[in-house]
Each structure stands twice: as C-alpha cells, then as structure tokens.
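Protein chains: 4
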Amino acid sequence: MSLRQKTYNLLEKDLSRSLANKLLGSFIIVLIVANVIAVILESHQAFGQQYAYGFYAFNVFSVVIFTIEYLARVWVCVEAPGADASQPIKTRLRYMFSAVALVDFLAIAPFYLTFFINIDLRYLRMLRMLRLLKLTHYFKGLDMFVCVLRKELPTIGAAIFTVMVLVVMSASIMYAIEHQAQPEVFGSIPSAMWWAVVTMTTVGYGDVVPVTVFGKFIAMFIMLLGVGIVALPAAMLAAKFGDELRLRKQQLEAEVDNALSDGYVSKSERADLDQLAEQLDLSRDDLEQLIKNRTLVLGTSITCPHCKKAIKLSRHSAAE
Amino acid sequence: MSLRQKTYNLLEKDLSRSLANKLLGSFIIVLIVANVIAVILESHQAFGQQYAYGFYAFNVFSVVIFTIEYLARVWVCVEAPGADASQPIKTRLRYMFSAVALVDFLAIAPFYLTFFINIDLRYLRMLRMLRLLKLTHYFKGLDMFVCVLRKELPTIGAAIFTVMVLVVMSASIMYAIEHQAQPEVFGSIPSAMWWAVVTMTTVGYGDVVPVTVFGKFIAMFIMLLGVGIVALPAAMLAAKFGDELRLRKQQLEAEVDNALSDGYVSKSERADLDQLAEQLDLSRDDLEQLIKNRTLVLGTSITCPHCKKAIKLSRHSAAE
Amino acid sequence: MSLRQKTYNLLEKDLSRSLANKLLGSFIIVLIVANVIAVILESHQAFGQQYAYGFYAFNVFSVVIFTIEYLARVWVCVEAPGADASQPIKTRLRYMFSAVALVDFLAIAPFYLTFFINIDLRYLRMLRMLRLLKLTHYFKGLDMFVCVLRKELPTIGAAIFTVMVLVVMSASIMYAIEHQAQPEVFGSIPSAMWWAVVTMTTVGYGDVVPVTVFGKFIAMFIMLLGVGIVALPAAMLAAKFGDELRLRKQQLEAEVDNALSDGYVSKSERADLDQLAEQLDLSRDDLEQLIKNRTLVLGTSITCPHCKKAIKLSRHSAAE
Amino acid sequence: MSLRQKTYNLLEKDLSRSLANKLLGSFIIVLIVANVIAVILESHQAFGQQYAYGFYAFNVFSVVIFTIEYLARVWVCVEAPGADASQPIKTRLRYMFSAVALVDFLAIAPFYLTFFINIDLRYLRMLRMLRLLKLTHYFKGLDMFVCVLRKELPTIGAAIFTVMVLVVMSASIMYAIEHQAQPEVFGSIPSAMWWAVVTMTTVGYGDVVPVTVFGKFIAMFIMLLGVGIVALPAAMLAAKFGDELRLRKQQLEAEVDNALSDGYVSKSERADLDQLAEQLDLSRDDLEQLIKNRTLVLGTSITCPHCKKAIKLSRHSAAE
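Chains as they are written, first to last, in UniProt numbering: chain A, 1 to 320; chain B, 1 to 320; chain C, 1 to 320; chain D, 1 to 320.
In structure tokens:
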C-alpha cells in the first residue's frame, strides 16, 4: 500500500474504522472546538490582551495543522473510490471546489490574507469562526437534514415568500399609520420593516412600539396573523422530516418483505438490511421492530396455484 | 394564428414553454420587485427627495407597462381554454372580476386615482405595495397552500374562535385586577386587550406589564395557556399539510398500483403518472421511489414448499 | 304537537333545520356578540359614562332575553331524545347542572346578584364576559378539539408536569444566583418564577433580566431548553389532531371497504357513509377521495376457493 | 410472607394495587409537593423569618420520612423480580447507584451535609428543590417521553449542533458590526452571544438591541432564520412522538391481526392485548377501535360471481 493510500485511509475513511483514523479525527475535532473557544475568549478585551501572545501562538499552530490537513486531503483525494486517478490535477482541482474542501480552505485562508491585506481584527475573528463549519466533516446526522431541506425548497419557498409579502405589507401599513406620531422610529418603510420583523418573529424587543390607537389595533391583527405564518415553515419542515422518515421506513419495509419472501431473514439478508438501515439513518431498533411486524403480517396462508395446497407464509415456512 | 392568440400564448401560457413567454414573465417579475424596492427606498425622506424625479419617472413607466399588460390580458382572456369566445364582452367582464385580474387592476388604479382625488403620499405608497401581489401570478407553490387553507377553514376557525375568547377573557380579568394600580395602561378593556395580544402571541414588548402580585400570578397562567393555544393553528395547519401530502401520495400510489397491475409501468402509463404527479405538486423523486416500493411489494416471488415451484406474488398471481 | 315540543324544536333542534330555529339562533348569537362589545366599550371611562343609561338599558334587555331563554331551555329539556319525561323535576335538575346549562346560568346570575351584594363594577364586567361562553352552543368544530384534549390528557399532563418542574427549578437557580445583585426583582422564589415563566414562554417583557455573568450564562441554557419544552405540548396536541383525523379516516375507510365488498357503493350505503363522515367531522371531499382510492386497491384478482376461477374485485364486478 | 416482602409490596408495587400501597404513595406525593411549596414560601424573606421555626420543623420532619423511605427502599430492593437475592450487598449497592435511588438520595443528602459544611441558605433551598424529582417515581407518562428522547438523540443532536453554530456565528457577526457603536453591550463575543440567544429563542428582552442600520439589517435575517431553526427541535420531537405512537399502534395491530386469525378475539387473547396496550402506553379506546377496524377489514365477505357462494376474505380464506 502506497503512502498516499495510507494517508487516505487515515484521513478520509469513516471514523469507526482504525484507531489511528479515530485518534486523528478526534484530535481535529478538539482543535476546531478549541479554536472557537479561543476566538470567543480573545474577544474579551482585557483577557485577550493579557494572553495575546498565547492566543497568537495557538492560532499559528492551528493554521499550520489545518494547512497540513488541507494539503494532505487535496493530495490524497485521487484515492477516493469514484475519483479519476489518471488525471490527478483535474481531479484535485475539482475536489478543491467541492463544498467540503472550500470550507477547509476558508478556515485557513484569512490567516494568510493578513500578510497582504490589513483586515480589521474584529472581522478577522468573524472569519476564524468559519472553522466551526469544518465540524460538518464529522456530523453524519446533518445529511438527512440537508436532504429534506433541498427536497422541500419549493414548499418552504412559498412560505418564505408569504412571510416576505407580509413583512413588506405590514411595514407599509404601520409606516402610513405611525409615521406622524413617531417620525423618529417609523421614519421610513425600512425602519417600519425592523418593527415588522421584530414583531412577527415574536422577538418583541420593545424598542419600537405603536402608540396610536389605530396603530395598536392593526398591530394586533398583524401579530396574530404573523405568529401563524412565521411559525409555518418550521412546522412544515418538521412535518416533512416525519414524512421523509416514513418514506425511508417504507423503503426498508419493502426490502424486509423481500428478505422475508422465503419465510425468514438469512444472515446475508440481515447484513444487507443492516447496511440499508444505516444508509437510511434508521436505528437498529426500528429495523428489529419492522422485521417482527412484517413477519406477523406475512403469517398468512395462501394457496399455491400449482398444487392447490395451503402455504403458511410464516417465519419457518422455508424450513418445513 | 391570430394576433390575439399569439398574445395569449405570450402572456398566459406557462412560464416553461417558449423563450418569448419566459422573457416577458421574467421582465414583469423584475419590474414588480423593482417597484417594491423603489417604494421602500423612496419612503426614506432624504433619499426620496433627492431622486424624486427619477422615482416619479420609474413609477409612470411601470404604470404604463402594467396598464398595457392589464389591457392585453383582458383582451386575450377570451382565448383561454374554458372561456366562451362567442360572448366576448361578458367573458371579459367576468375575467375582470376574477381574483388575478383584480390584483392587476389594484396595481395600477391608485395612480390614475391621484388625478381626481388627493391621496396622502404615505397611503399612496401603501397602495403601490399591492403590486407585490402580482407575483402570485408566477408562484405555483401557493396553490397547495391555499387549497389546504380552504379545506381546513372549519378547524382553523374553531382554533381562532378559542384564541379570540381567550384574548377577551384575559383582557377582562387583567383589566379588573390591574386597573387600580396602573390606570393609564389598563384604563379600559381595549387597552388590556393590547396587553393580552402582545403577551399571548409571546411578542412581549414590555410596554405594558402587570405590577401587582395577583396580576402577575394570573398573567403567568395566561402566558402558559396562551402559548399553547395561539401556537395551535399554525401547528395544525402544518399537520394538515402533511396529511394533504399523504393523501396525494396515496392517490398517486393507487394509480401506480393500477399501472403495475400488468407487472410493469409502460411508457404511456409513465407519462400519465408524471402528469398526475405534477398535478398533485409531488416531485419526480417521490414518484420514482413509489414505483420502486410498489414493485417490490407486488413483485416478490416465493417458492411453494409442496411442489417447489416459484410463485410470483403479483396482482394476478392467483389467476395464473 | 304540544307547545313544549314546539318550543323544544325552536330552541334545541340543530341550526340547519327550520327557518324560525335559524332566526332565533342567529338572534341570540348577535345578542351575545353585542353584549361582549358593549362590555368592552363601556369599560372606556369617558365613553361609558356618556352613554351609561344606554348601556344599562341594553344590559337589562339582554338579561331579560337570556333569562327567558334559560327558563325555556330548563322547561323543555324533558323533550330531549334521551330524557326521562316521567320524572320532570329530576330531569330538569340534572339538566341544570350540565355544562351548557351552567354556562347559561352564569351569563345571567351576576346581574341578579347585584340586587343583594355590592360587586365592584370592574369585576361585574368580567363576569358579564362569561356570556361569551354561550357561543359554544353554536360552535360544532369545538367537539373534536375537546375530544382530542380529553383523550390526550395523560400525555399533555406529563408535558405540563415537566414544564412546571422546569419553571420551579429555573426560578430556584436564578434566585440563588441573582438574589444578591438584584434583591428587588429576584427577592424570593415566587418573584424569580415570574422571570422564569416570562422567559420560558418567550414573552420576554424585559422588566426582569439577569445582570450577572453567571446568571446570563445559566439563563441562556434555560432559554434554549425552555423554548423546546414549553412548545412541546402545543406541537404534540397538533400531532394528536393529525392522529385523531387519521384514526377517523381509518374508521371511514373500513366502512367504505365494507360497502365496496360487493364491488360498488349502493345509494343506501352511500347515505350511511355520508352520515358517518359528518359524524366524524370529515369532509365530503375526503369521503369521495377515499372511495376512489379503495376501489382501485380492491381492483385485485383472487381465486374463489369453491370453483377455483379468478375474480376481479373491481368497481363493476357485481354487475358482471 | 416475610416483613421485607410486605414492605416491598407496600413501597414498590404499582399504585393501583392495595389500599395501603395507595395511601403511602399519596402521602409521599403530598409531602413532596408540600416541601416544594414550603421552600417557595420560605424564600419570601419576611414570611420566611416569621415562621422560621415552623419551616425548620417541617423540613426535619420531611427529611426523617424521606430517610426512612430511602433506607426501606434500599433494604427491600433485593425483593424486586429481577434482583439477585443471594448477593444482598452487591444488589443493594447496584440499586443505590440507579437513577431513582440517586434522586431519593439527593433529596435528603444536603440536609445531612449542613452538619459538616456551611452551605449558603439560598443554594441549600435550590438543592431542596431536587425533592421535586422524586415525583418521577409516580409519573408513568414520562416513560414514553424519555424513550422518544433517547431514541431521537442523534437527530435532535444535529438540530442542537446547528443551533449552536448559528448562535456562535450570529454573535461573531453582530459583535463585529455593533462593537464600535455599543462597546458596553457588544463588548465581546460572549456578550453578543447573550443577544443572539435572547433573540433567536424570540425571548427578546430588549436590554440589548442593535442600533446601526447594518446591524438591524443583519439582525432581521438572523431573526427570521433563527425562529425556524430554534423551533425545529421541538417540532421534530413532537413529530417523533406521533411516529412512536404510530409504531406502537402498528405493533398492537400486528398482535390484533394475530389474535383475529381464527376469526375472533378470545378472552385470553383479549387479556394479552390489554396487557400489551398498557405496556405500550396506548389507551383501552385505541385498542377497542383497532380491533373493530381490523375485524372489518379481515371479516369482509363477498359473493363469488361464478358460483354465487359467499367467500369470507379472512386470513386463511385461501386455505378453506
């Protein structure tokens, strides 16, 4: 096995495989979290100045590690199962523009940029926070989240469009009503939009509040309506998660039925089902339950059309 | 093809057809959004006065375009599939009172009204915001939204009635308790209703807050109860969306089963299913998944333990 | 038909029957709403004093009508289908302690009480608001609402218990932390509970806010946790509505299958299904859809065990 | 029956069994609630000092009872069905480290600790509040709650991770934007995190509000996004409850089908179903409904169009 292949296995193979791979993954996760904590602590002026040197050293150390990690990932990406190893440069360039690689690049780029451009310290801190996104490498649960989000974009889009129309309309109305009474806070429609968003998301800071009787009357309607409309996208998304889960369970159920067609689940069938369950982000418990349920449902007798005898589609039918 | 027919195809045919139709649609969408942005910017006093002439010119230009669009739509509406072309005037009048045509009319009417009546500039702005509603022409996702809303009006109505009763009751109670301590903010039941709505929608500006011990005690109950009740309509609506989706999937499933009754989905069957899926606002992916699932369930083969022959558990297996 | 029977039909029969029944029902609904509006308007001091006489006259008029209605309902209650007409006094007493009769009684009792006891005007207003509850007589949609609520009391109870524990725990913790820094607002655990409820329901007036660093840190956890926990009961209730609806649809589906067992839905079967659908608060559309779906699913072939020939369970099988 | 066995039955048997067991359970529940109320009342300085002696006496009394209860529970735990009675010390030690026993221990430990260490009175009160957790002994509904929570930890974890990332990112951005304008409230990223959490949970105290135009613009986006993301975990959890319920109903349905395979539910089958329903936290009503539905689906009879004989579409119909 070449060094490149070994590095690939070390870096990219799933966390649950070798010990070295696990250790490296854990180390990088800890380093990312430590970086985020360091940025948060450093932003506290007194604390940040006192340990300025330490923070700088830790930042340089992190950037060095992340840079090595980034370069290694670019180097070994040609070893990936689907990659075209015969055109290494093209493959690597394509990898460099993938989402995961860009996140890794953004985690180190601002540091090197400071040698050429003078970035305000506070904005630099904000950019260093992007290192947090590197964690998505290790978070498998996000897949289904993103999958549902992409699938439901049109429906969610319609809800967001409705929210937008409501915000703009509410702001225009309240601007027209309250402008005279409070010219300093309802001075223009954009100012009124601040009120509209703060109100309809139910944040309600209280820095901008209608004072006229008519303004309060209309605001009450906007609140009652707004609460419902703004809460809809989240509620719908949650419902779609339920739907997605059900769809995946149906998929697994179909395969379980397939495996049960000979009356029982063999070892190799079970391995396939386990793999599919993992792929679909379903738990081992769900699979167990499903097999039990389907076996019972299948415990039905039918007549063989060839010999006209009864067949019991039970768990042990194949062994009879 | 007559000019009227050509204009109809240009204006009313679905966005995804001809290039000219697409371009015109995109142009009108951009113009609507630009109008809304213009109204928002113009409301900023200093900015609005500086570019007053530009804003006015853009408004006149938009009104001209929208007027031409409106007149063209009224002119060509007799070409619509279900329209009665033999009675053009009656057909056009009916179209002019449809929801879509009224929205188009409201987008231009205020401008012409200003020649006759003196409308306050702020209210005029509010009316120009109605142009935003023209976007509903191009937003297909809203259909299911409105469909569910209309279907569930009775249930939603009961929830809104409960909210209303709760608001009025809470306001009366808090008015009775807090009137003495804070006569200026809990001076009458309508004032207390402002508190009740601000509290039960969880906006909580903090401009009106109970100060007596008993008032705070009752307010805590109202909050805990109110949060649940006010959030119900949105949550129920979201649940109904899920239900509607499931119903539609069941409909599609039934047709898929029908198409699969001969063991496979033919090309013409597939075209029908595609059309039905589009009609039901279901994605191509959902259909694909459904066909796969149903095929597996129906296409299972087992071995008869008596005669050792294969049996295909399909729809007509019993008839073989 | 006796006068008592006629009065019963006039008062208690469903709104959708006779014209006189409809008119009386509408009149009482209008009177209830007018009463609520009158109480709200009268609470405005200046307005209330100016028209004091008118408001008083309207109140007396309403009480007279509601008293006549109440007495009539008590008089005719023995005509109800399930009532025991042989023991009129016992039947009437039992009716008088039913929920609907108590609401009617509470709507008029405070007025008569004022002749004997001196009730503060503000509390009297609050009591007159109870007339609003008389509307539940006419609101059919609330049935399913109450039915689900009663069914899910244990689950909802567990959620409310969790909320209570969280409120008491959060209040104790914040009292311990913030007591020293803000003795006037975090002076005791009950005071801290006001903060806890205002925060966890996300109302957030801002009248009580932690100021110490540790207090803010703990408050952040309480907020993030509290938002989830407090929103749970409403979300769960909404989910149960979905479940209830599904259960009812399953019930209807079973009956549809039963009706379809001979291949088609006869007129009398259809009438039964319509009645069941109405009883289950399901729409005509849902029923239509269900019949269509089930017919397709049943379009399967099975073998008759007697003559071994294939039977197609289609819509027209009975006519073949 | 030995004394230890009797004590076990008195303490640990289900509430619904013997009268003595019920009375003891009720007494302990009342004592726990009384303790919590006492701690709340005592925290009110004037009130607490006036009745200081009474509160102290009640506390000592409660601790004595709870200590006896704790020791008794440890003593009798070897009588539990699954416990190893041959190794009493090991069994008791294992019990002492179980969740329920630790909660019982925490309810009394602080009192005894005060003899050795000097704990601040306010923190002591907080610790006494832990007695509230003893109620979990008697609250059966929480089981399903915890079961769902544990099952869905990965999904909920992904949602919480997203919330965390959003909070940290929003805080960094707002710190960068608002630091100059409001150095006292946006002085460091931790301070900005207070704003981010208060805003994204929609609590919105209003103690920290962006004032710059750009800050308000970004805050509007954060609010609209945050409302959706923060509400997701609760909505998802509620959806999972629905899913869990459905899964359990499917499980019960499978057993009902099994019981119905001979055409009817026998008494012993019914007892098994009742037990399973209770075990799955499903109501008697649900079971009743399920049996009715499944009987209808399976018990349908049709007429064979060829030989005009009745066919019962039951599980073994094909085998008849």
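Cβ coordinates follow ideal geometry from the N, Cα and C atoms, glycine included.
Where D/Tyr56 sits in the DSSP three-state scheme: helix
Expected contact under 8 Å - CB spacing of D/Thr202 and A/Thr201 to nearest Å: With 8 Å as the limit, D/Thr202 and A/Thr201 qualify as a contact, their Cβ atoms being about 6 Å apart.
N- and C-terminal bounds of the alpha helix (DSSP H) containing D/Met236: 213–260
Short Cβ contact (7 Å threshold) for D/Ile189 with D/Ile218: no
Contact with chain D by A/Ile40, beta-carbon distance below 7 Å: Closer than 7 Å: yes.
Contact belief for A/Leu130 with A/Ala107 at Cβ below 8 Å, rounded distance in angstroms: Taking the Cβ atoms as the reference, A/Leu130 lies roughly 6 Å from A/Ala107, within the contact range of under 8 Å.
For B/Thr199 and B/Gly226, believed in contact at Cβ under 8 Å, the rounded distance: 7 Å
Contact under 7 Å by Cβ, B/Ala235 with C/Ala20: Annotated as distal: B/Ala235 and C/Ala20, with beta-carbon spacing of 7 Å or more.
Alpha carbon of B/Gly204 to alpha carbon of D/Val208, nearest angstrom: 15 Å
Which of helix, strand or coil DSSP assigns to A/Phe116: coil
Chain B within 7 Å of A/Gly299, Cβ atoms only: Residue placement at A/Gly299 is poorly supported in this model, since its pLDDT is 48, which falls under 50; the coordinates still yield a value, given next. Not an interface residue.
C-alpha gap between A/Phe221 and C/Gln180, whole angstroms: Near 42 Å, if we compare the C-alpha coordinates of C/Gln180 and A/Phe221.
Coil, strand or helix - C/Gly299 by DSSP: Its pLDDT being 48, under 50, C/Gly299 is placed unreliably in this model, and the value from its coordinates should be taken loosely. Looking at C/Gly299 - three-state DSSP - the assignment turns out to be coil, as it is neither helix nor strand.
D/Cys147 classed as buried or exposed, judged by whether at least 16 other C-beta atoms fall within 10 angstroms: With fewer than 16 other Cβ atoms within 10 Å, it is exposed.
Inter-residue Cα distance where the pair is D/Gln45 and D/Asn118: 20 Å
Chain D contacts from the stretch 117–128 of chain A (Cβ-Cβ distance under 7 Å): Arg122, Tyr123, Arg125, Met126
Cβ pair C/Glu152, C/Lys249 closer than 7 Å: no
Three-state class that DSSP yields for D/Gln45 in the structure shown: helix
For A/Pro88, the first and last residue of its enclosing alpha helix (DSSP H): 88–96
Opening and closing residue of the alpha helix (DSSP H) in which A/Val198 lies: In this chain, the alpha helix (DSSP H) harbouring A/Val198 covers 189–200.
Rounded Cβ spacing between B/Val103 and B/Leu149 (contact assumed at less than 8 Å): Contact flag wrong, Cβ pair sits at about 17 Å.
Limits of the alpha helix (DSSP H) - the one that C/Ala181 falls within: It is not in any alpha helix (DSSP H) - C/Ala181 carries neither H nor E in the DSSP assignment.
Closest Cα partner of B/Gly54 within the set B/Ala34, B/Thr136, B/Arg73: B/Ala34
Cβ neighbours of A/Ser43 in the same chain (closer than 7 Å, five flanking residues each side left out): The answer, listed in chain order, is Arg125.
Rounded straight-line distance, which links the Cα of D/Glu178 to that of A/Pro110: A/Pro110 and D/Glu178 have their C-alpha atoms some 21 Å from each other.
Reduced DSSP secondary structure (H/G/I, E/B, other) of A/Tyr175: helix
Simplified DSSP assignment, three categories, for C/Met169: helix
Under the three-state DSSP convention, the category D/Val209 falls into: coil
Contact residues within the stretch 173–202 of chain B, judged by C-beta distance below 8 Å to chain D: Thr202
First and last residue of the uninterrupted alpha helix (DSSP H) at C/Tyr123: Start and end: 121–128.
Burial state of A/Asp281, where buried means 16 or more other Cβ atoms lie within 10 Å: buried
Members of the stretch 237–250 of chain C near chain D, C-beta cut-off 9 Å: Leu237, Ala238, Ala239, Lys240, Gly242, Asp243, Arg246, Leu247, Gln250
Under 7 Å between C-beta atoms of B/Glu244 and B/Leu290: no
Same chain only: Cβ atoms within 8 Å of B/Val39, ignoring 5 sequence neighbours per side: Arg125, Arg128, Met129
Element boundaries [alpha helix (DSSP H), containing D/Thr7]: 3–11
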